[in-house]
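Okay, so here's the structure we're looking at.
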Amino acid sequence: MADAASRLIGKAVRRTEDLRFITGRGQFTDDLARRHMLHAAIVRANVAHARIKSVDTQAARSAPGVVAVYAGADLAADKIGGLPCGWAVKNQDGSPQSEPPHAALQAERVRYVGDQVAVVVAETVEQARAAAELVDVNYEELPAVIDGRAALDKGATAIHEQTPGNLCFDWGLGDAAAVDKAFRGAAHVVKLDLRNNRLIANAMEPRCCIGDYDASTGENTLITASQNPHVIRLLLGAFVFGLPEHKLRVIAPDVGGGFGSKIYPYPEDVIVLWAARKLGRPVKWTASRSEAFLSDAQGRDHHTHVELALDKDANFLALKVQTVANLGAYLSTFAPAVPTYLYGTLLAGTYKTPAIFCNVKGVFTNTAPVDAYRGAGRPEATFVVERIVDQAARQLKMDPAELRRRNFIPVGAFPYQTPVLLNYDTGNYHATLDKGLKLADYAGFPGRRAEANKRGKLRGIGLSTYIEACGIAPSNVAGALGARAGLFEAATIRVNPTGSVTVLTGSHSHGQGHETTFAQVVADLLGIPMENVEIVHGDTGKIPFGMGTYGSRSLAVGGTAIVNATQKVIDKGRRIAAHLLEASVEDIEFAAGRYVVRGTDRAKAFGEIAFAAYVPHNYPLDTVEPGLEETAFYDPKNFTFPSGCHVCEVEVDPDTGVVEIVRFSAADDFGNVVNPMIVEGQVHGGLVQGIGQALLENCVYDETGQLLTGSYTDYAMPRADDVPSFQVVTECTPCTHNVLGVKGCGEAGAIGAPPAVINAVLDALTPLGVTDIPMPATPHTVWSAIAAARTRRTA
Amino acid sequence: MTTAVEFQLNGRAVHVDVQPETLLVEALRTNLGLTGTHVGCDTSQCGACVVHVDGRSVKSCTMLAVQAAGTTVTTIEGLGSATALHPMQAAFREYHALQCGFCTPGMIMSAVELLQRNPNPTEGEVRAGLDGNICRCTGYHNIVAAVLGCAKSMRGRAATEKAHG
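For the record, the sequence lines run as chains A and B.
In this text, residue positions in the first sequence follow this note's numbering: the first is 1, and each later residue adds one.
In this text, residue positions in the second sequence follow this note's numbering: the first is 1001, and each later residue adds one.
Printed below as a string of structure tokens:
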């Protein structure tokens, strides 16, 4: 698609949306107000596990400005439904997963610190928050279980009555018998126990929502910081409130980052709309950052045992993975999918490992719900694969690059069926590896290491040759695997009478730059200036039913819907042009914004066709409808498979344990690229989230379930002076099954970076006898590992 | 009980009646309707609320509105406009230094003051200087590039003005 004729596709066009953000004119949910609007404050559990003995709201009700106080019993009395789970997996024995309910306000029992217990609605936010302090909840505390593995212990307290033993699902994928057979014949077996640390997404805009209800029309409005307003409308309308969808409008205006955490309907979305319906006034709730730490869906939190079998020539024979995935206290919307079909299916990585088996136990604990966070399952899988491959290289005393090269799926093997469901359409892993190594000057590393040694620093280099699956997916395949929603995308191209174009997309931009990228595509296809194309998203009252933005799907799925709808517009325009030019439709060519009679200079500009469609005086009214507006729904034929090679180079100070990333190089294959500037920005951001996981970030609960990392003073967010600048290049093997040939780039950095960083740190520390390092590799962790290795050596 | 506070805001005199405990950021957003200044945390760590008070960058969540009495306050709305961008605003766009745009106003206000203090910073000085502003989208790479690029163009402009002055 990005051919020589493209004026805009492939160009680093500056972003259309920037102007409002750099001048302070963005309109985030908390920037919005409605007439007579009230404010809500949530009363949250301050203990991790307890029975609610009583909720005394008397003092709060009589506090200044308070309009209403509601508790869980009020919600239950109004028959407001629980938050539904959008994906259900099956156990290995074929039985369904356990699916305990999740009420928006708890009436009988709280299950994590931050659980919603009551809501105070007042005239001002200060009054609401002050009165929330007066709500007296009397708890009978129960034992809490925090660690995922401990939740499976015999005698562990049951968090849900319907889930004795806390096991939500015991899921398996792959051929266990083939794996066992391969291990019996293996020349080498490599083993690791890995922890994928729990993270908090921390989009910079805290969650916020406004509920509104007009009794005269029966219309409900929810303005909410969401990545997918139609998904929210579907779930809240159909399952929670029982409202007809045409009476529920969900608006997600400017949204300040999501990274997965804003996919889901949250209790507060339910609460503000329910309260607005009861009170007849709009109700707003804005999370404090402390509330975001406590109650936003969190990410990762796996404990994994992995074993890799190799033959005598270091060919991978089989991979065996056992994981305990901590799901938190309740099933968040897509929680069951993340550690199963978005994880186990990626364990082939970029390698031709013939036999793979994966078992995942999803467990409930007294912690915040866990769901998709940037990468969602794929970073966890990549960490397992890329760590065990490096461990094998270390054990077999091989160059990690050479071991990878030997086991890559070769270029000639595509399409390639992995042993774990996925069918990779295309890829060139040798090419990205070669590019990555060159960019990182891998060959020159020994010299740099020697030089660092002279300065008393330990230098290490680490690789990660990741793959991911984006653009989820054929709806029928996802449905067979447990998805309870379709995964298509929708777009409408509305050509206005004077030839400008309004694009209504089901994708949602919360930083990705859709207003620019999508406009580049449409303007290029129609041959019109980009300024004549406007992108509209985020309002169920305006856009066609769309599934929103997550899993790097916007351009691959949403973009394809836009292309298809644009193509329908072009085709209709051809019929109008044929009439105006008195030629046959077959003879009309469309290029560079003009319909031309083939082989002649007779032509009509796109704008003339648009005008004729809306002022159809000279028009083929008997065969062509007036107007020029087309909609397309696109259901992808397969996932897309971005891949790449990340190379991290670190220096460790052995006296302090401080790790400095001195160089980070990324060679990624995203297929075709529409806007390289935006793609590089996505890579940079993903890399820093991945580096954050590897070196800084860690969500920690104490043994009683209190969140210890509940603020930016305790949870180490990467800051500008924690990270380096990056070297980023792309390789291009176009996706074979979407018309743009694009794959998606939003998550690659967060997927590829963590193992590259840890492999580099381990490479630096290997000379000291350090064999493992957990994430995050903080100075204390690294220093302790060095000290322990020294003790072992001298013992 | 409210207190009357008067100060200069983006070039004009303003008068607000606030509670004694009202934070400057709340007065700006709620009383004065300037929602370009954001609240991203509750521990004065994220920097989304940075404004200039008498030319110094201040986290407006750490300052009471009454403390602004008699000062000159500049917010992102007063820095430049869509048709007359401040060079730092223009640099953020040129270098793709923003994605979701939520941290951007505070980041720009901090960056402007950083260059006022140090017109010729190194990359390390820019990174250290923006330590009080958290961005979750960009990975800082392009923010640092924008600040360095802006510094270079502003120095060039200053040199030209000096030569012609």
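Glycine residues also receive a C-beta, built at the ideal position from the N, C-alpha and C atoms.
Look up A/N564 in the DSSP assignment and say whether it is helix, strand or coil. Along the first sequence, read from residue 1 onward, the residue named residue 564 of chain A stands at position 564. DSSP places A/N564 in helix when its eight states are reduced to three.
Just the Cα atoms here: how many angstroms apart are A/A2 and A/V522? Walking along the first sequence from the start, residue 2 of chain A turns up at place 2. Walking along the first sequence from the start, residue 522 of chain A turns up at place 522. The predicted model places A/A2 with a pLDDT of 44, which falls under 50 and marks its position as unreliable; any figure quoted below should be read in that light. Each residue's Cα considered, the two are about 13 Å apart.
Kindly give me the distance between the Cβ atoms of A/L327 and A/A335, rounded to whole angstroms, as I take these residues to be in contact under 8 Å. As a first step, residue 327 of chain A is located in the first sequence; it is residue number 327 there, counting from the start. As a first step, residue 335 of chain A is located in the first sequence; it is residue number 335 there, counting from the start. Right, the Cβ-Cβ distance comes to about 5 Å (below 8 Å), so this counts as a contact.
Could you name the residues of chain A that B/P1087 contacts, counting a contact when the two beta carbons are closer than 7 Å? Residue numbering aside, residue 1087 of chain B sits at position 87 when the second sequence is read from its first letter. Neighbours of B/P1087 on chain A: none; closest Cβ ~11 Å, over 7 Å.
What is the rounded straight-line gap between the Cα of A/Q27 and the Cα of A/I52? What you label residue 27 of chain A is simply residue 27 of the first sequence in a count that begins at 1. What you label residue 52 of chain A is simply residue 52 of the first sequence in a count that begins at 1. Whole-angstrom Cα-Cα distance: 39 Å.
Residues in the same chain with beta-carbon distance under 6 Å from A/L797, minus the five sequence neighbours each way, listed in chain order, please. In this structure chain A extends from 1 to 795, so residue 797 of chain A is not present and cannot be described.
Taking the DSSP output, what are the residues bridged to B/H1086? As a position in the second sequence, residue 1086 of chain B is number 86, starting the count at 1. None; B/H1086 has no bridge partner.
Write down every uninterrupted run of the beta strand (DSSP E) in the region 682 to 766 of chain A whose length is 3 residues or greater and which is fully enclosed by it, in chain order. The DSSP assignment places complete beta strand (DSSP E) segments of no fewer than 3 residues inside the region 682 to 766 of chain A at 727 to 731, in order along the chain.
Mind checking whether A/T124 and A/G65 have CB atoms under 9 Å apart? The sequence position of residue 124 of chain A within the first sequence is 124, counting from 1. The sequence position of residue 65 of chain A within the first sequence is 65, counting from 1. Yes.
Pull up the distance between the alpha-carbon of A/G349 and that of A/A355, whole angstroms please. Counted from its first residue, the first sequence places residue 349 of chain A at position 349. Counted from its first residue, the first sequence places residue 355 of chain A at position 355. Taking the straight line from one Cα to the other gives about 12 Å.
Across the region 297 to 306 of chain A and the region 317 to 326 of chain A, are there enough close Cβ pairs to call them in contact, namely three or more that are closer than 8 Å? yes
What does B/C1049 reach in chain A if we use C-beta pairs closer than 9 Å? Walking along the second sequence from the start, residue 1049 of chain B turns up at place 49. In chain order: nothing, as chain A lies at least about 11 Å away.
Following a CB-centred definition, is B/T1035 positioned closer than 8 Å to any heavy atom of the ligand GTP? This structure lacks the ligand GTP; in fact it carries no ligand of any kind.
What number of angstroms, rounded off, separates the C-alpha of B/A1091 from the C-alpha of B/L1085? Against the second sequence, residue 1091 of chain B aligns to sequence position 91. Against the second sequence, residue 1085 of chain B aligns to sequence position 85. About 9 Å.
Cβ shell of B/G1078 (< 8 Å), same chain only, five flanking positions each side left out: Walking along the second sequence from the start, residue 1078 of chain B turns up at place 78. Answer for B/G1078: L1009, N1010, G1011, listed in chain order.
Is A/K90 helix, strand or coil by DSSP? By 1-based counting over the first sequence, the position of residue 90 of chain A is 90. Residue state, collapsed to three classes: strand.
Classify A/L708 as buried or exposed, calling it buried when 16 or more other Cβ atoms lie within 10 Å of its own Cβ. Locating residue 708 of chain A in the first sequence gives position 708, counting from the first residue. A/L708 should be labelled exposed.
Top-ranked residue by Cα proximity to A/L433, from A/A490, A/L421, A/V411, A/T502: Residue mapping note: residue 433 of chain A aligns to position 433 of the first sequence, counting from 1. When each option's Cα is compared against that of A/L433, the closest is A/V411.
Are the beta-carbon atoms of A/A756 and A/L463 separated by less than 9 Å? In the first sequence, the residue the question calls residue 756 of chain A occupies position 756. In the first sequence, the residue the question calls residue 463 of chain A occupies position 463. Contact annotation: A/A756 and A/L463 have beta-carbon atoms nearer than 9 Å.
A/G690 and A/H510 closer than 9 Å at C-beta: Within the first sequence, residue 690 of chain A is the residue found at index 690, counting from 1. Within the first sequence, residue 510 of chain A is the residue found at index 510, counting from 1. Result no, Cβ atoms of A/G690 and A/H510 do not sit closer than 9 Å.
So which residues of chain A does B/H1052 contact, with C-beta pairs closer than 9 Å? As a first step, residue 1052 of chain B must be located in the second sequence, where it is residue number 52. Those do not exist, as B/H1052 stays about 13 Å from chain A at its closest Cβ, beyond 9 Å.
Give a yes or no on whether the C-beta atoms belonging to B/C1049 and A/R289 are separated by under 9 Å. For this step, residue 1049 of chain B is matched to residue 49 along the second sequence. For this step, residue 289 of chain A is matched to residue 289 along the first sequence. No, the pair does not count as a contact, with Cβ atoms beyond the cut-off.
Three-state secondary structure assigned by DSSP to A/M145: For the purposes of this step, residue 145 of chain A is taken as residue 145 along the first sequence, with counting starting at 1. According to the sequence provided, residue 145 of chain A is Val. The question's Met does not apply to it. Three-state result, A/V145: coil.
List, in chain order, every chain B residue whose beta-carbon is nearer than 8 Å to that of A/Y712. Locating residue 712 of chain A in the first sequence gives position 712, counting from the first residue. Ordered by position in chain B, the residues that pass the 8 Å Cβ test against A/Y712 are C1041, T1043, Q1045, C1046, I1134.
So for A/G599, helix, strand or coil by DSSP? Walking along the first sequence from the start, residue 599 of chain A turns up at place 599. Coil, per DSSP.
Report all residues from its chain with a CB closer than 7 Å to the CB of A/R20; omit the five preceding and five following residues, and keep chain order. Reading the first sequence from its first residue, position 20 is the one you call residue 20 of chain A. Counting only Cβ-Cβ distances below 7 Å, and skipping sequence neighbours, we find G26.
I'd like the list of long-range same chain contacts for A/V673, defined as Cβ closer than 7 Å, with 5 residues on each side in sequence excluded. Taking the first residue of the first sequence as 1, we reach residue 673 of chain A at position 673. Excluding positions up to five away in sequence, the list reads G10, V679, T730.
C-alpha gap between A/S54 and B/D1054, whole angstroms: Residue mapping note: residue 54 of chain A aligns to position 54 of the first sequence, counting from 1. Residue mapping note: residue 1054 of chain B aligns to position 54 of the second sequence, counting from 1. Rounded to whole angstroms, A/S54 to B/D1054 spans 52 Å at the Cα level.
Same chain, Cβ closer than 7 Å to A/A314, five either side skipped, listed in chain order: Within the first sequence, residue 314 of chain A is the residue found at index 314, counting from 1. L396, M398, L403, R406, listed in sequence order.
Which class does A/L525 belong to by DSSP, given the choice of helix, strand or coil? Position 525 of the first sequence, counted from the first residue, corresponds to residue 525 of chain A. The answer is helix: DSSP assigns A/L525 an H, G or I state.
Looking only at C-alpha atoms, which of A/A376, A/R484, A/P400 sits nearest to A/A469? Indexing the first sequence from 1 puts residue 469 of chain A at position 469. If we check each option's Cα against that of A/A469, A/A376 comes out closest.
With 9 Å as the threshold, decide whether the Cβ of A/Q391 is near any Cβ in chain B. Position 391 of the first sequence, counted from the start, is the residue given in the question as residue 391 of chain A. No, no contact with chain B.
Please list, in chain order, the residues of the region 474 to 489 of chain A that have any C-beta partner in chain B closer than 7 Å. So the list is empty, because no residue satisfies the distance condition.
With 9 Å as the threshold, decide whether the Cβ of B/G1070 is near any Cβ in chain A. Position 70 of the second sequence, counting from 1, holds the residue named residue 1070 of chain B. It does not; no Cβ of chain A falls within 9 Å.
How long is the line joining the alpha carbons of A/A4 and A/A490, rounded to whole angstroms? Start at 1 with the first residue of the first sequence, and residue 4 of chain A comes out as number 4. Start at 1 with the first residue of the first sequence, and residue 490 of chain A comes out as number 490. A caution first: A/A4 carries a pLDDT of 48, below 50, which makes its placement in the model too unreliable to give a value.
Taking CB distances under 9 Å as the criterion, tell me whether B/P1020 reaches chain A. In the second sequence, the residue the question calls residue 1020 of chain B occupies position 20. Chain A, which has no Cβ nearer than 9 Å to the Cβ of B/P1020, makes this no.
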